[in-house]
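Chemist: For our numbering, add 429 to where a residue sits in the sequence shown, where the first one is 1. For each residue, glycine too, the CB sits at the ideal point set by N, CA and C.
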Amino acid sequence: MTEKITRQGPLVAIGGAEDKTAEAVILQQVLEMSDADAPVVGVITTASSVPDDVFPGYADVFARLGASETLDVRIRTRAHADEQKFVDMIDRCDVVFISGGDQMRLTNTMGGCRTLDAIRRRREAGAVVAGTSAGAACQSATMVYGGPSDDSLRKGAVKMSAGFGLVQDNVIIDTHFLERGRFSRLMEVGATNPEYIGIGLGEDAAVLFSDGIVHSFGPGHVVIVDSSQITGSNVYDLHDGEAVSVSNVIMHALVDGYGYSLSDRRVLTPQELGASKTERNVAHN
């Protein structure tokens with residue numbers, strides 16, 4: 430008897446304010462990543478202070494796009510995050526979707542709890558895990574949770590904490606990136622931690638993490654901030670709050686169809702991504 434091999438499920442990060450009307454391009458693609466014909470979607474609204482406003486919008490759009498059911502995974506406290514009923518709901522999901530809000534509320538509520546273990550387990554079994562805004566920022570092992578948009582290029586200006594660690598350790602994600610002018614946030618992160626690859630997600634833009642490649646999709650922009658080649662910075666001579674100088678930060682702007690190799694630290698064109706996909710399919714067959 431041949432043992433069935435299950436691939437880890439897709440992981441998607443969305444920059445926030447994704448379209449829920451008309452074609453809802455990003456959310457449609459998220460559903461299409463599931464192996465299920467009519468997937469069960471679980472919407473986790475923990476990050477939001479107004480879940481009664483947030484959940485119905487997602488329930489409507491996912492139903493319209495073909496979900497068989499949308500579950501309201503209303504985890505509001507750490508006690509909830511350990512309750513069996515919520516674990517059971519997540520175990521039913523073909524797609525786990527984490528909404529926006531406050532990422533510190535999200536990690537404080539679910540970190541180290543059984544529902545987070547259930548999310549990881551479902552992804553290992555092939556389910557899609559996706560998040561928008563706070564639900565995207567929390568996916569990295571180290572998470573940005575604060576810092577002014579207008580002047581974050583100062584030592585200590587960007588606040589970081591532990592995230593859920595769903596994506597590889599040297600990636601850090603910021604959201605609403607262009608719309609809120611957050612370039613200096615990832616530049617400050619890179620000046621103090623050059624090993625990080627910063628992924629700045631614009632609104633209505635998304636990335637799929639797959640086999641060490643960041644695939645960009647949706648109408649918006651994805652900005653890659655690579656600080657591994659910086660040639661100089663004054664950050665180690667500064668006190669907190671003083672202005673940072675940093676040289677040779679590399680940035681790339683990706684649109685739908687482009688990708689980025691996390692191992693090679695290079696942009697991949699749609700043609701290159703198409704070729705690599707064909708090669709993987711041939712090898713798989």
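Report the partner residues of Lys588 according to the DSSP bridge assignment.
Modeler: Residue mapping note: residue 588 aligns to position 159 of the sequence shown, counting from 1. Answer is Gly575.
Chemist: Nearest to Leu683 by CA position, among Glu671, Leu697 and Thr475, is which residue?
Modeler: As a first step, residue 683 is located in the sequence shown; it is residue number 254 there, counting from the start. For the residues Glu671, Leu697 and Thr475, the minimum Cα distance to Leu683 belongs to Leu697.
Chemist: Going by C-alpha to C-alpha distance, which of Cys522, Arg507, Val596 and Arg549 sits closest to Thr536?
Modeler: Position 107 of the sequence shown, counted from the start, is the residue given in the question as residue 536. Nearest C-alpha to Thr536: Arg507.
Chemist: Check Asp655 in the structure and name its three-state DSSP category.
Modeler: Start at 1 with the first residue of the sequence shown, and residue 655 comes out as number 226. Three-state result, Asp655: strand.
Chemist: Starting from Val558 and walking both ways along the beta strand (DSSP E), at which residues does that stretch end?
Modeler: Indexing the sequence shown from 1 puts residue 558 at position 129. It spans Val557 to Thr561 - the beta strand (DSSP E) in which Val558 sits, taken as one unbroken run.
Chemist: What residue range is occupied by the uninterrupted beta strand (DSSP E) comprising Leu637?
Modeler: Within the sequence shown, numbered from 1, the residue matching residue 637 stands at position 208. Where Leu637 is concerned, the enclosing beta strand (DSSP E) stretches over Ala635 to Ser639.
Chemist: Let me make sure I understand the geometry here. Which of Arg534, Arg694 and Gly495 has the alpha-carbon closest to that of Val600?
Modeler: Against the sequence shown, residue 600 aligns to sequence position 171. Among Arg534, Arg694 and Gly495, the Cα nearest to that of Val600 belongs to Arg694.
Chemist: Quick check: what's the CA-CA separation for Ile473 versus Val596?
Modeler: As a working note, residue 473 is residue 44 in the sequence shown. As a working note, residue 596 is residue 167 in the sequence shown. For Ile473 and Val596, the distance between alpha carbons rounds to 19 Å.
Chemist: If we ignore side chains and look at the alpha-carbon of each, how far apart do Ala446 and Thr604 end up?
Modeler: One-based indexing of the sequence shown puts residue 446 at position 17. One-based indexing of the sequence shown puts residue 604 at position 175. Their Cα atoms are separated by approximately 10 Å.
Chemist: Is it buried or exposed, Ser674, if we count other Cβ atoms within 10 angstroms and call 16 or more buried?
Modeler: Along the sequence shown, one-based indexing puts residue 674 at 245. Label assigned to Ser674: exposed.
Chemist: State the DSSP-derived secondary structure class of Leu456, mapped to helix, strand or coil.
Modeler: Position 27 of the sequence shown, counted from the first residue, corresponds to residue 456. DSSP places Leu456 in helix when its eight states are reduced to three.
Chemist: Have a look at Val651, Asp633, Val557 and Gly529 and flag the residue whose alpha-carbon is nearest the alpha-carbon of Phe484.
Modeler: Here residue 484 is taken as the residue at index 55 of the sequence shown, counted from 1. Comparing Cα positions, the closest option is Gly529.
Chemist: Near Gly438, what residues of its chain come up, given a Cβ to Cβ distance below 6 Å and the 5 sequence neighbours on each side ignored?
Modeler: To locate residue 438, count along the sequence shown from 1; it is residue 9. Around Gly438: Arg552, Gly555, Ala556 and Val557.
Chemist: Would you report the Cα separation of Asp511 and Arg521, rounded to the nearest angstrom?
Modeler: Counting from 1 along the sequence shown, the entry for residue 511 is found at position 82. Counting from 1 along the sequence shown, the entry for residue 521 is found at position 92. When rounded, the distance between both Cα atoms is 16 Å.
Chemist: Using the C-alpha atoms, what's the distance from Gly670 back to Leu460?
Modeler: On the sequence shown, position 31 is the one that residue 460 refers to. On the sequence shown, position 241 is the one that residue 670 refers to. The straight-line gap from Cα to Cα measures roughly 44 Å.
Chemist: Using only CA atoms, which one of Glu452, Val525, Ile679 and Phe491 lies nearest to Arg503?
Modeler: Taking the sequence shown and counting its residues from 1, one reaches residue 503 at position 74. Checking every option, the nearest Cα to that of Arg503 belongs to Val525.
Chemist: Which class does Met504 belong to by DSSP, given the choice of helix, strand or coil?
Modeler: The residue given as residue 504 occupies position 75 in the sequence shown. As written in the sequence, residue 504 is Ile, which differs from the Met given in the question. Coil, per DSSP.
Chemist: Suppose you measure from the CA of Ile434 to the CA of Met680; what does that come to, to the nearest Å?
Modeler: Taking the first residue of the sequence shown as position 1, residue 434 is located at position 5. Taking the first residue of the sequence shown as position 1, residue 680 is located at position 251. Residue placement at Ile434 cannot be trusted, given a pLDDT of 49 that sits under 50; what the coordinates show is reported in the next sentence. Each residue's Cα considered, the two are about 38 Å apart.
Chemist: Could you name the residues that DSSP lists as bridge partners for Tyr487?
Modeler: Position 58 of the sequence shown holds residue 487. Paired residues: none, contrary to the question.
Chemist: Out of curiosity, what's the CA-to-CA distance linking Val516 and Arg550?
Modeler: As a position in the sequence shown, residue 516 is number 87, starting the count at 1. As a position in the sequence shown, residue 550 is number 121, starting the count at 1. Those two C-alpha atoms are separated by around 11 Å.
Chemist: Of all the options Gly495, Leu637 and His668, which has the alpha carbon lying nearest to the alpha carbon of Leu582?
Modeler: Position 153 of the sequence shown holds residue 582. Answer by Cα proximity: His668.
Chemist: Compute the Euclidean distance between the alpha carbons of Pro480 and Ser676, then round it to the nearest angstrom.
Modeler: The count along the sequence shown starts at 1 and reaches residue 480 at position 51. The count along the sequence shown starts at 1 and reaches residue 676 at position 247. Spanning the two alpha carbons is a distance of roughly 43 Å.
Chemist: Excluding five sequence neighbours on each side, which residues of the same chain lie with their C-beta closer than 7 Å to the C-beta of Met616?
Modeler: The sequence position of residue 616 within the sequence shown is 187, counting from 1. Leu582, Val654, Val675 and Val678.
Chemist: Would you identify the three-state DSSP class for Leu691, choosing helix, strand or coil?
Modeler: Indexing the sequence shown from 1 puts residue 691 at position 262. In the structure shown, Leu691 sits in coil (DSSP, three-state: anything other than H, G, I, E or B).
Chemist: The alpha helix (DSSP H) with Leu545 in it runs from where to where?
Modeler: Counting from 1 along the sequence shown, the entry for residue 545 is found at position 116. Run containing Leu545: Arg543 to Glu553, per the alpha helix (DSSP H) assignment.
Chemist: My guess is that Ser578 and Arg609 are in contact by the Cβ rule of under 8 Å, so how many angstroms apart are they, rounded?
Modeler: Here residue 578 is taken as the residue at index 149 of the sequence shown, counted from 1. Here residue 609 is taken as the residue at index 180 of the sequence shown, counted from 1. Indeed they touch by this definition, with Cβ atoms about 5 Å apart.
Chemist: Glu701 to Arg505, Cα distance in whole Å?
Modeler: Counting from one through the sequence shown, the residue named residue 701 turns up at place 272. Counting from one through the sequence shown, the residue named residue 505 turns up at place 76. Roughly 44 Å between the two C-alpha positions.
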